[in-house]
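Below is one structure; the comments refer to it alone.
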Amino acid sequence: MVRGVIAGLKKNRRAWVMLLLGFLFGNGLFLLLYGQKIDGLLSERNALYYANNQKYKEILKLQEETLRLARKGERHQENKDRIQKIIVEVDSEQSVIIDLVKEQLEKKLTPFLGKSMQWISNNPDLIELILEKEQIVIDEAQKLKVEVHLKYVSFYDETLKIWVQTKDVSSDDVSDIVK
920 MVRGVIAGLK
930 KNRRAWVMLL
940 LGFLFGNGLF
950 LLLYGQKIDG
960 LLSERNALYY
970 ANNQKYKEIL
980 KLQEETLRLA
990 RKGERHQENK
1000 DRIQKIIVEV
1010 DSEQSVIIDL
1020 VKEQLEKKLT
1030 PFLGKSMQWI
1040 SNNPDLIELI
1050 LEKEQIVIDE
1060 AQKLKVEVHL
1070 KYVSFYDETL
1080 KIWVQTKDVS
1090 SDDVSDIVK
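Take the sequence shown: its position 82, counted from the start at 1, is 1001 in my numbering, and no numbers get skipped.
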């Protein structure tokens, strides 16, 4: 049997060489195509890694910027949350006394400058306790005094705005009132 196989190989030498060359050519072509495919996949992977790293850096930058803006916003909010200005609006029948009453009430409310608006809005009775039925002496010689009644309180930006109404309560006992 071995002799028959060897004789068949000798007889079909050309076919076996062609078969062997076909295998070598096929394997070479397969390796070439497969190598190109692997090279393309590696290039794509590198591009994805690069894009991923760029996005990661962008995310880190955005996080840092967000933290920076949040800190800046907190500082701005701290400053914004404080009362920087107090405005008093006076409603009175006597237009002559409006400026005097306004001036005295603004002086009386100066301790609220720099205080937190939230603190005052949580304790609105403080302003009412200070201003309600407050008697202000306008002119001791004429024995003119008025009583203040709180109408409204509002907060806008860094301003505390207060509306009051006055009522004339002039009498003979002006000397009993403390300015």
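C-beta atoms are modelled at their ideal positions from N, C-alpha and C, and glycine is treated no differently.
### Query
What number of angstroms, rounded off, separates the C-alpha of Q982 from the C-alpha of N965?
Residue numbering aside, residue 982 sits at position 63 when the sequence shown is read from its first letter. Residue numbering aside, residue 965 sits at position 46 when the sequence shown is read from its first letter. Answer to the nearest angstrom: the Cα atoms are 26 angstroms apart.
### Message
E1053 and V1088 - do their beta-carbons sit closer together than 8 angstroms?
### Response
If you number the sequence shown from 1, residue 1088 lands on position 169. If you number the sequence shown from 1, residue 1053 lands on position 134. Cβ distance not < 8 angstroms, so V1088 and E1053 don't count as in contact.
### Distance, I1055 Cα to Q1013 Cα
Counting from one through the sequence shown, the residue named residue 1013 turns up at place 94. Counting from one through the sequence shown, the residue named residue 1055 turns up at place 136. C-alpha separation (whole angstroms): 14 angstroms.
### Query
Do you know offhand how far A934's Cα is from L951's?
Looking up residue 934 in the sequence shown gives position 15. Looking up residue 951 in the sequence shown gives position 32. Spanning the two alpha carbons is a distance of roughly 25 angstroms.
#### Entry: For I1055, the residue or residues it bridges with in DSSP
Locating residue 1055 in the sequence shown gives position 136, where the first residue counts as 1. DSSP, once it has assigned bridges, lists V1065 as partnering I1055.
### Cβ neighbour criterion (16 or more within 10 Å) applied to K930
Counting from 1 along the sequence shown, the entry for residue 930 is found at position 11. Counting Cβ neighbours within 10 Å, K930 comes out exposed, since fewer than 16 surround it.
### Task
Would you identify the three-state DSSP class for Q1084, choosing helix, strand or coil?
Translated into the one-based positions of the sequence shown, residue 1084 becomes position 165. Strand.
### Query
In or out: V1020 buried (at least 16 other Cβ within 10 Å) or exposed?
Position 101 of the sequence shown holds residue 1020. Buried.
### Query
So, helix, strand or coil for I1016, using DSSP?
The count along the sequence shown starts at 1 and reaches residue 1016 at position 97. In the structure shown, I1016 sits in coil (DSSP, three-state: anything other than H, G, I, E or B).
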